[in-house]
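**Student:** Structure incoming, see below.
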Amino acid sequence: MQSRNPWPGVIAGTLLVGVPIALLGWSMGQFWATIAFLLGAALFWNLSHLLLLERWLRQGGRSEPPDVRGLWGLAFDHLYRRRRRHEHRVHRLRQYLERYRDSARAMPDAVVVLNDDLRIEWLNEMATQLLGLNWPEDEGQRITHLLRNPAFITFMESARTTPGSVTTPSPIYDDQQLEFRLVPYGDAQFLLLARDTTHLHRLEVMRRDFIANVSHELRTPLTVLYGVVETLEDELADQPDKARSVQLLREQSERMKLLVDDLLTLSRLETGSPQGPPQWVDVGAMLDTLKGEAELLSGDQRHRIEIHAQHGLQLQGTENELRSAFANLIFNAIKYTPAGTRIEVRWKSDPDGARLSVIDEGPGIARHHLHRLTERFYRVDAGRDQRRGGTGLGLAIVKHVLARHGGHLEIDSQLGRGTRFTCLFPLTITRTQPIESAKN
Ligand code: ADP
C-alpha cells in the first residue's frame, strides 16, 4: 500500500524516461513517431490500471488493493481506506442498533416503533405478549387496524399532536388494563409504549369502592343521629347548659352529613356516567338562582354579589353537576372573604369556548398552595378553614365536574388582593340562543 505523495516520482519518472527517448527519436529523425509511441505507452499503462481498478471494485474492493505505483497507487489507496472507514462505521452503527434493540427487547413494557403513518416498523417481545402483535408478520400494518379498541383509536388520532396517555382493556385478556403512551422521536417516527396497569387499576377501583361504600353506610346512622339530636334539642330547650352540648352535637353531625354527601358526590363523579343525556343549560338563569342562595349564606355579612352573564349563552352538560361546581366556587368566595366584600361572577364566550369566572377581593392564596388546591382535603389553613364549615372536597368536585365536560379550572390569586377561579369550557359544548328562545 502506498501513502506517500507520488507527484515528484511521477514527474521525475516521466522526465527520466520520456525526455531521453524523445531526444533519441529526434536524433534519428523520428521525433513525432517517438512522441506517438510514448503517448500510446502512457495510454496503455493507464488503461491496464483502469482495468485493474474495475476488477478490484467488482470483487467488492474489500481485499488489499493491487500493489501499483504512482497516481494509480494513490487512488487505490484512497479508495481502500475510505471503504475500510465506511465498513467500520456501518459495523459500529449495527452494534449500536443491536444494543438499542437488546435494551428495547429487555424492557418490561411493550415497545412498538411506528412510522408517520402509524405503520409498524419494529416491536419487542412484550408487544407480542401484551398486545398480541406478531413479528415480523405484522410489519407494515397500521397499528389501528390491529388494535381496534375505540378509545385507543381516538387516542392515536390525537396523540400525534397532543401527547398524553390512555388506559384500555387488553386486546387479549378482558380483565387486564393497559396504559398506552405515544412518544414522537427522530424524523416523524413514534414509539408506542404499553404497560400493564391492572394492579394499579384494581387498587384505584378498590379505593373508590371503599369510599363510596363507607359514605353510603354512614348515611343511615347519621340520619338517625340527626333525628335524635333534633328531638333532644326540642326537649332540652329550657335547659341552656345541656342545650349547648346538644347544639354542638347537631353542628358536628351536620358537618359529617356534608362530608358524606360530598364524598358520595365525588365518587359518583369518578365512577358513574352522567345521569341522562346532556342538556343545554341556561347558565345565566342558574347564576341568578345561585346569587339568591349565596346571599342567604352571606346573611349579615352582606357580601356584594354581582353577576355579569352573556345573554343566551348556554352550556351543554349535566345541570346538577354544573350547578354543584359553580355553587362551590361562589360559596367559597363568601366563606373565605371578609364581610361586605365584592364578589363578581362573569359568564361569557370567547373564540376558544366559554368561561365562568368567580372573582373576589378577599385575602388571596399564596402561590405555593395553588397547584394543590384541587386535591381532596387540601386546605390552605387546616384549622381556620375547617371552622368555616368546608369539607375540603369542594374544589376536587369542581375539577371532576369540569373534566367530565371537557373543561378545566384555572386559579389566579394574589395575597391581599383576591382570587379568581375560572372554569374554561370548549367551544363544542357552547351555543348562544336568541333571548326569547333561550329556554330549551
Ligand atoms: P372547602 O370545602 O374546605 O372550602 P375547597 O376544596 O372548596 O374546600 O377549597 C380548598 C381550600 O382552598 C379552602 O380550604 C381554602 O383554604 C381555599 N380557598 C378556596 N376558595 C378560596 C377563596 N375564594 N379565597 C381564599 N381561599 C380559598
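If you read the sequence shown in the numbering used here, its first letter stands for residue 31, the second for the next number, and so on. We treat Cβ as the ideally placed atom computed from N, Cα and C, and that holds for glycine.
Roughly how many whole angstroms lie between the Cα atoms of glutamate 281 and glycine 347?
**Tutor:** Here residue 281 refers to the residue found at position 251 when the sequence shown is read from its first residue. Here residue 347 refers to the residue found at position 317 when the sequence shown is read from its first residue. So the two alpha carbons sit approximately 34 Å from each other.
**Student:** Less than 8 Å separating the beta-carbons of serine 387 and isoleucine 364?
**Tutor:** What you label residue 387 is simply residue 357 of the sequence shown in a count that begins at 1. What you label residue 364 is simply residue 334 of the sequence shown in a count that begins at 1. Not closer than 8 Å, so no.
**Student:** Using 8 Å as the cut-off, can you tell me whether the stretch 266-284 makes contact with the stretch 303-311, which would need three or more C-beta pairs spanning the two stretches below that distance?
**Tutor:** The answer is no - the stretch 303-311 does not touch the stretch 266-284, with fewer than three Cβ pairs under 8 Å.
**Student:** For the putative contact between valine 313 and leucine 343, defined by C-beta atoms under 8 Å, what is the C-beta separation to the nearest angstrom?
**Tutor:** Within the sequence shown, residue 313 is the residue found at index 283, counting from 1. Within the sequence shown, residue 343 is the residue found at index 313, counting from 1. Contact holds; Cβ gap of about 6 Å.
**Student:** As a quick exercise: from Asp264, Gln60, Pro251 and Glu151, pick the residue whose alpha carbon is nearest that of glutamate 167.
**Tutor:** As a first step, residue 167 must be located in the sequence shown, where it is residue number 137. Closest by alpha carbon: Glu151.
**Student:** Between leucine 177 and the rest of its own chain, which residues show a CB-CB distance below 7 Å, the 5 nearest in sequence each way excluded?
**Tutor:** Walking along the sequence shown from the start, residue 177 turns up at place 147. Leu161 and Pro201.
**Student:** What's the C-alpha gap between leucine 266 and arginine 274?
**Tutor:** Indexing the sequence shown from 1 puts residue 266 at position 236. Indexing the sequence shown from 1 puts residue 274 at position 244. Those two C-alpha atoms are separated by around 9 Å.
**Student:** On a CA-only basis, which of Arg385, Leu81, Arg397 and Arg447 is nearest threonine 367? Give me that one, please.
**Tutor:** One-based indexing of the sequence shown puts residue 367 at position 337. Cα-wise, what sits closest to threonine 367 is Arg447.
**Student:** Are threonine 452 and glycine 394 closer than 8 Å when you measure CB to CB?
**Tutor:** Against the sequence shown, residue 452 aligns to sequence position 422. Against the sequence shown, residue 394 aligns to sequence position 364. The answer is no: Cβ separation not under 8 Å.
**Student:** Are three or more beta carbon pairs between the stretch 200-216 and the stretch 117-135 nearer than 8 Å?
**Tutor:** No contact exists between the stretch 200-216 and the stretch 117-135.
**Student:** Please find out if some non-hydrogen atom of the ligand ADP comes closer than 7 Å to the beta-carbon of proline 492.
**Tutor:** Outside the modelled stretch of the chain, which goes from 31 to 470, sits residue 492, for which no answer is possible.
**Student:** Buried or exposed: where does isoleucine 41 fall if 16 or more other Cβ atoms within 10 Å of its Cβ makes it buried?
**Tutor:** Working through the sequence shown from its first residue, we reach residue 41 at position 11. It counts as exposed.
**Student:** Whose C-beta lies closer than 8 Å to the C-beta of methionine 316 among residues of the same chain, with five residues either side of it excluded?
**Tutor:** Taking the first residue of the sequence shown as 1, we reach residue 316 at position 286. Contacts found: Glu349, Leu352, Arg353 and Phe356.
**Student:** Would you identify the three-state DSSP class for tyrosine 203, choosing helix, strand or coil?
**Tutor:** Here residue 203 refers to the residue found at position 173 when the sequence shown is read from its first residue. Looking at tyrosine 203 - three-state DSSP - the assignment turns out to be coil, as it is neither helix nor strand.
**Student:** Under the rule that 16 or more other beta-carbon atoms within 10 Å means buried, what is leucine 457, buried or exposed?
**Tutor:** Working through the sequence shown from its first residue, we reach residue 457 at position 427. Leucine 457 comes out exposed.
**Student:** Who are the near neighbours of leucine 454 in its chain, counting only those whose CB is closer than 7 Å to its CB and skipping five residues on each side?
**Tutor:** For the purposes of this step, residue 454 is identified with residue 424 of the sequence shown, where counting begins at 1. Same-chain partners within the cutoff: Gly383, Arg385, Gly437, His438 and Glu440.
**Student:** Determine the extent of the alpha helix (DSSP H) in which aspartate 264 is found, giving its start and end residues.
**Tutor:** Here residue 264 refers to the residue found at position 234 of the sequence shown. Looking at the DSSP string, the run of the alpha helix (DSSP H) that includes aspartate 264 is 228-265.
**Student:** My assumption, with CB atoms under 8 Å, is that asparagine 164 sits in contact with methionine 137. Please give the rounded CB distance.
**Tutor:** As a position in the sequence shown, residue 164 is number 134, starting the count at 1. As a position in the sequence shown, residue 137 is number 107, starting the count at 1. That pair is no contact at about 18 Å.
**Student:** What do you reckon, is the C-beta of glycine 420 under 7 Å from a heavy atom of the ligand SAH?
**Tutor:** This structure lacks the ligand SAH; the ligands present are the ligand ADP.
**Student:** Got a sec: is the Cβ-Cβ distance from leucine 161 to anything in chain D below 8 Å?
**Tutor:** Absent from the structure is chain D; it holds one protein chain and no more.
**Student:** May I ask you to check if the CB of alanine 474 is nearer than 7 Å to at least one heavy atom of the ligand ADP?
**Tutor:** The requested residue 474 does not occur in the structure, where the chain is confined to residues 31 to 470.
**Student:** Taking 7 Å as the cut-off, does the CB of valine 431 come closer than this to any heavy atom belonging to the ligand ADP?
**Tutor:** The residue you call residue 431 lines up with position 401 of the sequence shown. No, the ligand ADP has no heavy atom inside 7 Å of this Cβ.
**Student:** Taking only three categories from DSSP, how would you classify aspartate 442?
**Tutor:** Reading the sequence shown from its first residue, position 412 is the one you call residue 442. Looking at aspartate 442 - three-state DSSP - the assignment turns out to be strand.
**Student:** Starting from the C-beta of aspartate 330, find all residues in its chain whose C-beta is less than 8 Å away, skip the five residues before and the five after it, and write them out in chain order.
**Tutor:** Residue 330 sits at position 300 when you count from the first residue of the sequence shown. These residues qualify, in order along the chain: Ala369.
**Student:** Please work out which residues of its chain come closer than 6 Å, Cβ to Cβ, to threonine 228, disregarding the five sequence neighbours upstream and downstream, and give them in chain order.
**Tutor:** Stepping through the sequence shown from its first residue, residue 228 is reached at position 198. Only Gln206 and Gln207 meet the Cβ criterion.
**Student:** Is serine 297 near arginine 249, with beta carbons less than 8 Å apart?
**Tutor:** Looking up residue 297 in the sequence shown gives position 267. Looking up residue 249 in the sequence shown gives position 219. Not closer than 8 Å, so no.
**Student:** Glycine 413 to arginine 406, Cα distance in whole Å?
**Tutor:** In the sequence shown, the residue the question calls residue 413 occupies position 383. In the sequence shown, the residue the question calls residue 406 occupies position 376. Distance between the alpha carbons of glycine 413 and arginine 406 is about 16 Å.
**Student:** Taking DSSP as the reference, what is the three-state secondary structure of tyrosine 130?
**Tutor:** Within the sequence shown, numbered from 1, the residue matching residue 130 stands at position 100. Three-state DSSP puts tyrosine 130 in a helix.
**Student:** Assign glutamate 128 to buried or exposed, taking buried as 16 or more other Cβ atoms, counted over all protein chains shown, within 10 Å of its Cβ.
**Tutor:** Taking the sequence shown and counting its residues from 1, one reaches residue 128 at position 98. Its Cβ having fewer than 16 others within 10 Å, glutamate 128 is exposed.
**Student:** For lysine 378, count neighbouring C-beta atoms within 10 Å of its own C-beta (all shown protein chains included) and say buried if the count is 16 or more, exposed if not.
**Tutor:** In the sequence shown, counting from the first residue as 1, residue 378 sits at position 348. That one is exposed.
**Student:** What first and last residue would you give for the alpha helix (DSSP H) that runs through glutamate 479?
**Tutor:** Lying outside 31 to 470, the shown extent of the chain, residue 479 is not represented and no answer is given.
**Student:** Quick one: measure Cβ to Cβ for tyrosine 215 and leucine 223, integer angstroms, because I've assumed they're closer than 8 Å.
**Tutor:** Along the sequence shown, read from residue 1 onward, the residue named residue 215 stands at position 185. Along the sequence shown, read from residue 1 onward, the residue named residue 223 stands at position 193. Not quite, the Cβ-Cβ distance comes to about 11 Å (not below 8 Å), so this is no contact.
**Student:** Given leucine 425, which residues of its chain have a CB within under 6 Å of its CB, disregarding the five upstream and five downstream residues?
**Tutor:** Along the sequence shown, read from residue 1 onward, the residue named residue 425 stands at position 395. Within the same chain, leucine 425 has close Cβ partners Leu403 and Thr404.
**Student:** Below 8 Å on the Cβ atoms is my guess for glycine 170 versus arginine 149; work out the distance and round it to an integer in Å.
**Tutor:** One-based indexing of the sequence shown puts residue 170 at position 140. One-based indexing of the sequence shown puts residue 149 at position 119. Rounded, the Cβ-Cβ distance is 5 Å, consistent with contact.
**Student:** What residue does the alpha helix (DSSP H) around serine 93 start on, and which one ends it?
**Tutor:** The residue labelled residue 93 in the question sits at position 63 within the sequence shown. Unbroken run through serine 93: none, as it is neither H nor E.
**Student:** Measuring straight from C-alpha to C-alpha, what distance separates valine 431 and valine 410?
**Tutor:** As a working note, residue 431 is residue 401 in the sequence shown. As a working note, residue 410 is residue 380 in the sequence shown. Their Cα atoms are separated by approximately 22 Å.
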